[in-house]
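Take a look at the structure below.
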Amino acid sequence: MTNSANARSPRLEIEYCTRCRWVMRAGWTAQELLATFGTSLAEVALVPGTGGVFDVRLDGRTLWSRRVDGGFPELSVLKRMVRDIVDPTRDLGHSDRSAGDGRRGN
Numbered sequence: 001m002t003n004s005a006n007a008r009s010p011r012l013e014i015e016y017c018t019r020c021r022w023v024m025r026a027g028w029t030a031q032e033l034l035a036t037f038g039t040s041l042a043e044v045a046l047v048p049g050t051g052g053v054f055d056v057r058l059d060g061r062t063l064w065s066r067r068v069d070g071g072f073p074e075l076s077v078l079k080r081m082v083r084d085i086v087d088p089t090r091d092l093g094h095s096d097r098s099a100g101d102g103r104r105g106n
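For the record, in the sequence shown the residue sitting at position 35 is 35 according to the numbering used here, with numbers rising by one throughout.
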């Protein structure tokens, strides 16, 4: 891998627990984010982990942590979090109009 490949940004990572068999959930989440953001995301990576982990990070910043936030993110919430960083003016249609955003306090 070249150094330029390591510098891709924004890079979204979904770390999932292999023992919990959450690869399908991680893959579906990645697919939905790629379908929504396309080339606005330079890279989407699935990162195998253990210990019940399901974390979503964008350029190293944790957007969602199963351990901290409890459970799995609602996709509309996650899309808004990603949008607010990579393309704040993007209209997400029905995801922008979802009741209650389920975000953790900052």
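Quick reminder that beta carbons are idealized off the backbone N, C-alpha and C, glycines included.
Discussion item. Within the continuous alpha helix (DSSP H) that includes residue 86, where are the two ends?
Written reply: Here residue 86 is taken as the residue at index 86 of the sequence shown, counted from 1. Where residue 86 is concerned, the enclosing alpha helix (DSSP H) stretches over 75-86.
Practice prompt. May I ask you to report which of helix, strand or coil DSSP gives residue 46?
Written response: Indexing the sequence shown from 1 puts residue 46 at position 46. Reduced to three states, the DSSP call for residue 46 is strand.
Worksheet item: Can you name the start and end residues of the alpha helix (DSSP H) that residue 28 belongs to?
Response: Sequence index remark: in the sequence shown, residue 28 carries index 28 (1-based). It spans 23-37 - the alpha helix (DSSP H) in which residue 28 sits, taken as one unbroken run.
Discussion item. So, for residue 86: in the same chain, excluding its five sequence neighbours on each side, which residues have a beta-carbon less than 7 Å away from its beta-carbon?
Written reply: Sequence index remark: in the sequence shown, residue 86 carries index 86 (1-based). 10, 37, 40 and 41.
Item to complete: Just confirm the distance between the C-beta atoms of residue 34 and residue 44, as a whole number of angstroms; I'd bet it's less than 8 Å.
Response: Within the sequence shown, residue 34 is the residue found at index 34, counting from 1. Within the sequence shown, residue 44 is the residue found at index 44, counting from 1. Right, their Cβ atoms sit about 6 Å apart.
Worksheet item: Would DSSP call residue 65 helix, strand or coil?
Response: Counting from 1 along the sequence shown, the entry for residue 65 is found at position 65. Note: residue 65 maps to strand in three-state DSSP.
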